[in-house]
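Structure, as structure tokens:
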Amino acid sequence: MKVVVCVKQIPDPNTTGQLDPTTHLLKRDGVEVVLDPGDEFGVEAGLQLVGAHGGEVTVVSMGPERGIDAVRKALAMGASKGILISDDALRGSDALTTARVLAAAIRREGFDLVITATESTDGYTGVVPQMIAELLDVPALTFAKTVEVDGSTLKVKRQTEEGYDLVESGLPAVVSVTAGVNEPRYPSLKGIMGAKSKPLDRLTAGDLGLDGAGGGTAGQSITSVEPAPQRAAGSIVKDDGEGYKRIADFLADRKVI
Amino acid sequence: MALDKIWVFAEVAGGKPAPVALELLTKARSLGGTVEAVAFAPDAADAAAELGAHGASTLYAGTDPLWGELLLGGPAADALATLIEEHKPDLILFGMTYNSRDVAGRVAAKLGVPVIANGLDVSDADGISVQSSVFGATQNVATRFEGGAPAIAIIRPKSFVAEPSGGAAATVTPVTSPIAEKHKSVRVTDRVADVAAGPKLEEAPIVISGGRGLGDPKNFELLDQLAAVLGNAAVGASRAVVDAGWVPYAMQVGQTGKTVKPAVYLAFGISGAMQHTVGMKGAKAIVAVNRDENAPIFKLADLGVVGDALKVLPALVEELQRRRS
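For the record, the sequence lines run as chains A and B.
Okay, so the first sequence: first residue is 2 according to our numbering, each after it adds one.
Okay, so the second sequence: first residue is 29 according to our numbering, each after it adds one.
This is the structure we're talking about:
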């Protein structure tokens, strides 16, 4: 089985992001970057599937040149091949351009199953998996909390507002996995050393026949960025053993008891 | 530039429109022009009265029984694209729900138009813009659609308050385009409900949430006890404990979970990561209990108690029982 996992390098989610006041692009300078923690679940899901059914995991990423570290981490976890599409012309691309670039790279590579996170932890648009599926003309089994392949049938438990649905389709397909779908492995020292000799393709938009695609103002543009109004400061007390009374009084004041 | 035609994509289950569809119709009315709804469900036409009462003049309804058996995204995007070509809406509003995200993403890719997601408001003052909040609600951003109709906006539930317009039932226009064969093998074979009894998380006037600070999954029982004594309360959770498998995903409050706006939100052992606060900062009042006095949740709290949630909770339950009796 040929599994392609989409990954993204993002600013460390434990730091508060900033938009550049003039370009309205994410400030990337001087910010720690990491493989999106959500993507680790996708890489792990892919590795478990090829572990059970045979085949290989290829990771594909679009982003600045230093995004290579995110691809290398996935290789160190056990993926067989990496693809990084890096192109100044793609800076600030929106979800649709991102999906077009990733879909073109995936089509070029060939696939039985594409795995993504449900959304990136920095952008949160949450529609790239569906767009990739549409561009590849395959089903999108989204928000999966479990993924199984049984012969040529793909089975997922798909998150819903009330619980989950059992959803089935054939392959090829796109699956987006929720955080918590599995326990991502840590790269071993052997894995980290081995990653350096694994094949790694570096592509531009032109290599994918997508010259002129994307950029920060294609399709949409940010017209204003303002600090959000903050809530008024509340009263913070140390629990002296009677903190519960303060809460009960607060609830009584609000007439909820 | 006034908008001529706005559509709201409505999810319908059991003949009832999802609450977010009524919220979006209420907003759409204020933007002017013709407001219409689109729904794909075997009983979609049953929602015409309620959708009409919130401002939809027409309901384009796909009522093939297959809509109840297939994963919505693929076939709904095809049918919607056909309708869009015929009727040319300027703007389509979707709720930020699992199925609507699927449909919005696929239809946008099919038509080659941009999507703006995570919206909290939408305006057409200077082109169509969507307001959203980023970086844990520390900054508000306005994003404008640049060319390519329709504009597709995905709006978080509870961004608007649904208000009836007093309109008559929407005129039902059947959607006749057939569902393509390729979609018929993508089936929902079972639907499982995972939510506790009592009021729904999104609708409860009081929400009590727990996080890592509760130490152990079994301590969620303390939240259930508090909910029972308060009545009208639902129990939620942070992403950390959902990911750890303590409680079902359906209980998650936050960016990837539910958005709640209760009268009172009580957070026990939740640090207040941005991922969580985005889903609860709209509460009228916030009470937080956490051992770490530097926890970001205290920046939002009207009342913050720095202490051990496992000590405060049983004492609070007892105190409320005493005051009740």
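Glycine included, every Cβ here is placed at the ideal spot set by N, Cα and C.
Since the model is a prediction, treat every value here as computed from it, not as a measurement.
{"Check": "What separation, rounded to the nearest whole angstrom, lies between the Cα atoms of B/V334 and A/I237?", "Outcome": "7 angstroms"}
{"Check": "A/Q131: buried (16+ other C-beta within 10 angstroms of its C-beta) or exposed?", "Outcome": "buried"}
{"Check": "Closer than 7 angstroms between beta carbons: that is the criterion. Which residues of the segment 220-251 of chain A meet it against chain B?", "Outcome": "G220, Q221, S222, I223, T224, S225, V226, E227, P228, A229, R232, G235, S236, I237, V238, K239, D240, G244, Y245, K246, R247, I248, A249 and F251"}
{"Check": "List the residues of chain B whose Cβ lies closer than 8 angstroms to the Cβ of A/F144, in chain order.", "Outcome": "Y126"}
{"Check": "Given this structure, state the Cα-to-Cα distance separating A/L91 from A/M78, to the nearest angstrom.", "Outcome": "28 angstroms"}
{"Check": "From this set, B/E347, B/I34 and B/A67, which residue's C-alpha is nearest B/A179's C-alpha?", "Outcome": "B/I34"}
{"Check": "How big is the Cα-Cα spacing for B/G140 and B/G226?", "Outcome": "43 angstroms"}
{"Check": "Closer than 7 angstroms, Cβ to any Cβ of chain A: which residues of the segment 108-139 of chain B, in chain order?", "Outcome": "T125, Y126, R129, D130, A132, G133, R134, A136, A137 and K138"}
{"Check": "Please state whether DSSP places A/I107 in a helix, a strand or coil.", "Outcome": "helix"}
{"Check": "Since B/G238 meets chain A, which of its residues come closer than 9 angstroms, beta carbon to beta carbon?", "Outcome": "Ordered by position in chain A, no residue passes the 9 angstroms Cβ test against B/G238, which lies about 15 angstroms from the chain."}
{"Check": "Looking at the C-beta of A/I258, does it have a partner C-beta in chain B at a distance below 8 angstroms?", "Outcome": "yes"}
{"Check": "Identify which residue in A/S62, A/V102, A/V35 and A/G31 has its Cα closest to the Cα of A/I11.", "Outcome": "A/V35"}
{"Check": "If you draw a straight line from the alpha carbon of B/G194 to that of B/R57, how long is it in whole angstroms?", "Outcome": "12 angstroms"}
{"Check": "With a threshold of 8 angstroms between beta carbons, is B/R219 in contact with chain A?", "Outcome": "yes"}
{"Check": "Quick check: what's the CA-CA separation for A/T161 versus B/M308?", "Outcome": "20 angstroms"}
{"Check": "Name the DSSP beta bridge partners of A/M63, please?", "Outcome": "A/I86"}
{"Check": "Answer with yes or no whether the minimum CB distance from A/Q10 to chain B is below 8 angstroms.", "Outcome": "no"}
{"Check": "Would you identify the three-state DSSP class for B/K289, choosing helix, strand or coil?", "Outcome": "coil"}
{"Check": "Touch check for the segment 147-156 of chain A and the segment 108-120 of chain B: three-plus C-beta pairs under 8 angstroms?", "Outcome": "no"}
{"Check": "Under a Cβ-count criterion, where at least 16 other Cβ atoms within 10 Å of its own Cβ denotes burial, should B/P423 be classed as buried or exposed?", "Outcome": "In the structure displayed, chain B extends from 29 to 353; residue 423 of chain B sits before or after that span and is not available."}
{"Check": "Can you pull the chain B neighbours of A/D212, defined as C-beta to C-beta under 8 angstroms?", "Outcome": "Here the premise fails: no neighbours, minimum Cβ distance about 16 angstroms."}
{"Check": "So if I threshold CB-CB distances at 8 angstroms, which residues from the segment 162-182 of chain B count as touching chain A?", "Outcome": "V162, F163, G164, A165, T166, Q167, N168, V169, A170, T171, R172, F173, E174, G175, G176 and I182"}
{"Check": "Using DSSP bridges, identify the partner residues of B/F37.", "Outcome": "B/V66"}
{"Check": "On the criterion of 16 or more Cβ atoms from any shown chain inside 10 Å, does B/P342 qualify as buried, or is it exposed?", "Outcome": "exposed"}
{"Check": "My guess is that B/A181 and A/E135 are in contact by the Cβ rule of under 8 angstroms, so how many angstroms apart are they, rounded?", "Outcome": "Not a contact, Cβ separation roughly 18 angstroms."}
{"Check": "Can a CB atom of chain A be found closer than 8 angstroms to the CB of B/I298?", "Outcome": "no"}
{"Check": "Can you tell me whether A/G43 is buried or exposed? The criterion is at least 16 other CB atoms within 10 Å of its CB, across all chains shown.", "Outcome": "buried"}
{"Check": "What separation, rounded to the nearest whole angstrom, lies between the Cα atoms of A/V58 and A/A253?", "Outcome": "57 angstroms"}
{"Check": "Ignore the nearest five residues each way along the sequence and tell me which others in A/D202's own chain have a CB closer than 8 angstroms to its CB.", "Outcome": "K82, G83, I84 and L85"}
{"Check": "Using only CA atoms, which one of B/W95, B/L328, B/E209 and B/V220 lies nearest to A/Y165?", "Outcome": "B/V220"}
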